[in-house]
Amino acid sequence: MTSSKPLWLWRPWSDEGNWQAQARKTATALGNETFLTWLDGAGAESAKLSFRDVWTRSALVAKWLLGNVGLAPGDRSVLVYAPGPEFFVAFVARLRAGVLAEPNYPPDPAKLRLGLEKLDLVTTSCGAKVGLTGSTVHKLRLATSAWNALVGLGYDGTTLTASAMTQAPRCSIRRR
C-alpha cells in the first residue's frame, strides 16, 4: 500500500526547531501509517507499529519515568532488550524524557551469572538510575533471584495501548 501522505514529512531535517516537534508533526500527519514491521525468524510478520502507536506508547513510558520513577532529564538508564519493536518505543520514550541511555543486549540464560555481572558493570560504570527491559527480559528477571539486585522495567510494548494510559509499567529500582 502506498502512503497518501506527502513524503516531505519523513526527512532528515526539520523546520520545527527540535526533533520532538518534528516527530509530533510526523506522528500526527502519518498517524496509522506503518512505522515499523517486525519479522520473526521465519520471515513472517510478528508485530507492526504505526507512527501513532510509537508516539503514544512512548509518551506513556516517558511520563512514567519522569513522574512515577522520579527521573530527571540528564539522568542515565540502561535499555536491556532483545531485538524487537518494544525497544523502539523505549528508545523514543527515553529521548522524550531527556534520559540518557546505554543500550545492552540481554544476558544469555545459558551464561546468566556472567551476563548479569557484565550488565551490573555497565549499569555501575554509566551511573544508570533505572533499567528498562522488554517482556522477554522481564520474564527472565522474574525467574531468577540473581536478577533481583538489578534494575528493571517490565513493559510489553506490543500490548500496551493508548487506552491503558493509567497503567504504570512494573519497575524495581536499585538504590545506591
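All residue numbers for the sequence shown refer to full-length UniProt numbering, where the first residue is 1 and numbers rise by one.
Cβ coordinates follow ideal geometry from the N, Cα and C atoms, glycine included.
These numbers were taken from a predicted model, which means no experiment stands behind them.
- Per the C-alpha coordinates, the member of Glu117, Ala82, Asp75 positioned closest to glycine 127 is Asp75.
- Between the region 84 to 98 and the region 109 to 121, the count of Cβ pairs shorter than 8 Å is below three; the stretches do not touch.
- Pairwise C-beta distances place the region 50 to 62 out of contact with the region 109 to 117, as fewer than three of them are shorter than 8 Å.
- Scanning its chain for C-beta atoms nearer than 7 Å, with the 5 sequence neighbours on each side dropped, one finds around asparagine 32 the residues Ser50, Arg52, in chain order.
- One Cα belongs to asparagine 68, the other to alanine 29, and the distance between them is close to 30 Å.
- Collapsing the DSSP output to three states places alanine 90 in a helix.
- Considered as a whole, the region 53 to 113 harbours 76 to 80, 100 to 104 as its complete beta strand (DSSP E) runs of no fewer than 3 residues, in chain order.
- For lysine 25, the enclosing alpha helix (DSSP H) stretches over residues 19 to 30.
- By DSSP's assignment, glycine 131 forms a beta bridge with Val78.
- Taking the Cα positions, lysine 48 is about 29 Å away from aspartate 15.
- According to DSSP, residue pairing for glutamate 45 in a beta bridge involves Leu39.
- The distance from the Cβ of glycine 131 to that of valine 80 is about 6 Å, consistent with a contact at the 8 Å cut-off.
- By alpha-carbon distance to threonine 124, the top candidate from Gly43, Leu39, Thr37, Val78 is Val78.
- The Cβ atoms of alanine 21 and tryptophan 55 do not sit closer than 8 Å to each other.
- Lysine 129 is positioned such that its CB atom lies no closer than 8 Å to that of leucine 66.
- Sequence-distant Cβ neighbours of proline 103 in its own chain, meaning closer than 6 Å and more than five residues away, are Leu79.
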